[in-house]
Amino acid sequence: MKPDWLDKKEYPFKSKYIDLEAGRMHYIDEGEGPPIVMIHGTPSWSFMYRNLIKILRKHHRCIALDMIGFGLSDKPKDWSYKPRAHAANFEKLMEHLQLRDITLLVHDFGAPIGLAYAIKYPENVKSVVMLNSWTWSLSKHQTFTKASKYLVGPLGKFLHSKLNVSNNVLIHELFKDEDDLPEPIKKHYINGLGGPEERVRNLACARELVGASKWYDELWKERRKIQDIPTLILWGERDKLIKIEALQRWKKFFHECYVIPFEDGGHFLQEENAEEIASYVSNFIKEEQKKRELVNQ
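Position 180 of the sequence shown, counting from 1, maps to 180 under the UniProt record's numbering, and the rest follow consecutively.
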């Protein structure tokens, strides 16, 4: 049963669940064709990808999950909510679906979750689409270069400063630059965080921006395993949470990297530019498929 607050015309997808040790994790699986797996950040859920899925499912199989604690997934009281645990849950979902040749579409906190899988199973990931994201330790950010120390500092400061405010205040501040985002849409993000007794738990991700430094370091040390994966980066240049310096680091990281900047885009391109993003993603996957076919001839 879907909750009463969910607009089924806005989010017209069949709900599916996988039973995990932490609880039931919700996901949607729409369309047929080359699989695209979409991973959300914090504090968001698969609702953010709804407009992309409506377009891309015509020619692709689109999978989008709600991490435990978010959206329509369970919000258990006694669970760690740390990024390593979220990554383990994502891996279980991938095992359950038995997907191969996938395109990972990651955003925000979803990047380390998805790239952890790619590092472990690079043979299963044929391409990556990245929106404003990071995947490195912040614990020593002050010792980085002058540019690097600002990579995601504002995101950490913002989320940490908002841990004690209501869901309503948090979401409205996160989306305050999205002038055209209707209030009913914002309400879906507010309700996706659960009740007052649940929200602090699912915002544990915010506390782990620095707290998970050891895990980030482990991922970064293994980064060479994914540097050759063809990657499309779609980047909102008005993002006040993850700065443009992070994009520069990604451009140097991936060996085959295509960057599409959105000069007027912010942190939530999925809400602002869904049609454009869908077109870029679809064309990118088609071109990569053509390249592979030529190599195999």
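Even glycine gets a Cβ: it sits at the ideal position worked out from N, Cα and C.
Does the Cβ of residue 145 have 16 or more other Cβ atoms within 10 Å, making it buried, or fewer, making it exposed?
As a position in the sequence shown, residue 145 is number 145, starting the count at 1. Confidence is the limiting factor: at residue 145 the pLDDT is only 34, short of 50, which leaves the residue's position unreliable, though a coordinate-based value still follows. With fewer than 16 Cβ atoms within 10 Å of its Cβ, residue 145 is classed as exposed.
Just curious, the alpha helix (DSSP H) that residue 244 is in, first and last residue?
Locating residue 244 in the sequence shown gives position 244, where the first residue counts as 1. DSSP places residue 244 inside the alpha helix (DSSP H), whose first and last residues are 244-253.
Which of helix, strand or coil DSSP assigns to residue 144
In the sequence shown, the residue the question calls residue 144 occupies position 144. Caution applies to residue 144, whose pLDDT of 30 falls short of 50 and renders its modelled position unreliable; the model cannot decide the point.
Segment contact flag, the segment 258-274 with the segment 232-244, C-beta cutoff 8 Å, min 3 pairs:
By the Cβ test, the segment 258-274 is in contact with the segment 232-244, since at least three Cβ pairs between them sit closer than 8 Å.
Of the choices 68, 28 and 61, whose alpha-carbon is the least far from that of residue 22?
Position 22 of the sequence shown, counted from the first residue, corresponds to residue 22. Residue 22 has its Cα closest to that of 68, out of 68, 28 and 61.
Assigned exposure category for residue 256 - 16 Cβ within 10 Å defines buried:
Residue mapping note: residue 256 aligns to position 256 of the sequence shown, counting from 1. That one is exposed.
Following the continuous alpha helix (DSSP H) through residue 24, name the residue where it begins and the one where it ends.
If you number the sequence shown from 1, residue 24 lands on position 24. For residue 24, there is no enclosing alpha helix (DSSP H); the residue is found in the beta strand (DSSP E) stretching over 23-30.
DSSP on residue 132, reduced to helix/strand/coil?
Position 132 of the sequence shown holds residue 132. It is a strand residue.
Excluding the 5 residues preceding and the 5 following residue 274 in the sequence, name in chain order all residues of the same chain whose CB lies nearer than 6 Å to its CB.
Taking the first residue of the sequence shown as position 1, residue 274 is located at position 274. Only 51 and 52 meet the Cβ criterion.
What's the call for residue 134, buried or exposed, on a 16-neighbour Cβ count within 10 Å?
Mapped onto the sequence shown, residue 134 falls at position 134. Counting Cβ neighbours within 10 Å, residue 134 comes out buried, since at least 16 surround it.
Do you know offhand how far residue 151's Cα is from residue 297's?
Indexing the sequence shown from 1 puts residue 151 at position 151. Indexing the sequence shown from 1 puts residue 297 at position 297. For residue 151, the predicted structure reports a pLDDT of 37, less than 50, and the residue's modelled location is therefore unreliable. A value from the coordinates is still provided. If you draw a straight line from the Cα of residue 151 to the Cα of residue 297, it is about 42 Å long.
Work out the CA separation of residue 216 and residue 286 for me, nearest whole Å.
As a first step, residue 286 is located in the sequence shown; it is residue number 286 there, counting from the start. As a first step, residue 216 is located in the sequence shown; it is residue number 216 there, counting from the start. Answer to the nearest angstrom: the Cα atoms are 32 Å apart.
Would you mind stating whether residue 62 and residue 38 have Cβ atoms separated by less than 8 Å?
As a first step, residue 62 is located in the sequence shown; it is residue number 62 there, counting from the start. As a first step, residue 38 is located in the sequence shown; it is residue number 38 there, counting from the start. Contact: yes.
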